[in-house]
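These notes are about the structure you will find just below.
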Amino acid sequence: MAIHVAFTALLYALLTVARAPKIWGIGQRQDGSNPWATVEPRISANLSNQFEWPLFFYAACLLLIQVRAESPAAVLLAWVFIAGRVAHSCAQICTTNIRIRGLVFTVNFLATLGLWAVVVQARAAA
Numbered sequence: 014m015a016i017h018v019a020f021t022a023l024l025y026a027l028l029t030v031a032r033a034p035k036i037w038g039i040g041q042r043q044d045g046s047n048p049w050a051t052v053e054p055r056i057s058a059n060l061s062n063q064f065e066w067p068l069f070f071y072a073a074c075l076l077l078i079q080v081r082a083e084s085p086a087a088v089l090l091a092w093v094f095i096a097g098r099v100a101h102s103c104a105q106i107c108t109t110n111i112r113i114r115g116l117v118f119t120v121n122f123l124a125t126l127g128l129w130a131v132v133v134q135a136r137a138a139a
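Each residue of the sequence shown is one higher than the last, beginning at 14 in my numbering.
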């Protein structure tokens with residue numbers, strides 16, 4: 014969870030840099046345009062995505078911690094989720110390929126569902 018928080022903070026920093034030419038005039042091209050103009054909306058949209066599906070990841074992780082059910086499978090699924098979030102961000106910010114984004118989102122989706130399966134199993138065993 015801490016890695017995802019740090020990654021989200023990095024995205025905020027990237028968005029600040031992308032908006033700097035428009036907001037503060039720092040880094041503008043000679044003609045006054047923003048060199049980040051095409052990517053800035055994608056960074057912003059991706060940042061919003063960090064507060065949607067990851068909510069379920071955080072809830073599953075917190076429940077696993079609460080019931081002391083951390084397991085190698087849960088840790089692996091959490092790392093798959095984090096790697097998937099980074100890959101999803103790269104796909105959304107650096108490309109316009111919806112298929113790649115969908116594929117990577119599916120990895121995140123399945124990793125989180127896997128975490129929830131561990132939660133349910135742990136709760137049933139308790």
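From the three backbone atoms N, C-alpha and C, an ideal C-beta is built for every residue, glycine too.
The model shown is predicted, which means the values in this text are computed figures rather than measured ones.
- Gly127: member of the alpha helix (DSSP H) spanning 111-138, first to last residue.
- Closest by C-alpha distance to Trp92, out of Asn121, Cys107, Phe69, is Asn121.
- Residues Gly40, Gln41, Asn47, Pro48, Trp49 of the same chain have their beta carbon placed closer than 7 Å to that of Pro34, with the five preceding and five following residues left out of the count.
- According to the DSSP assignment, Gln79 belongs to the alpha helix (DSSP H) that extends over 67-79.
- The beta-carbon separation of Thr125 and Phe64, rounded to 14 Å, does not stay under the 8 Å limit for a contact.
- In the DSSP assignment, Gln105 falls within the unbroken alpha helix (DSSP H) covering 85-107.
- A direct Cα-Cα distance of roughly 36 Å separates Ile56 from Arg81.
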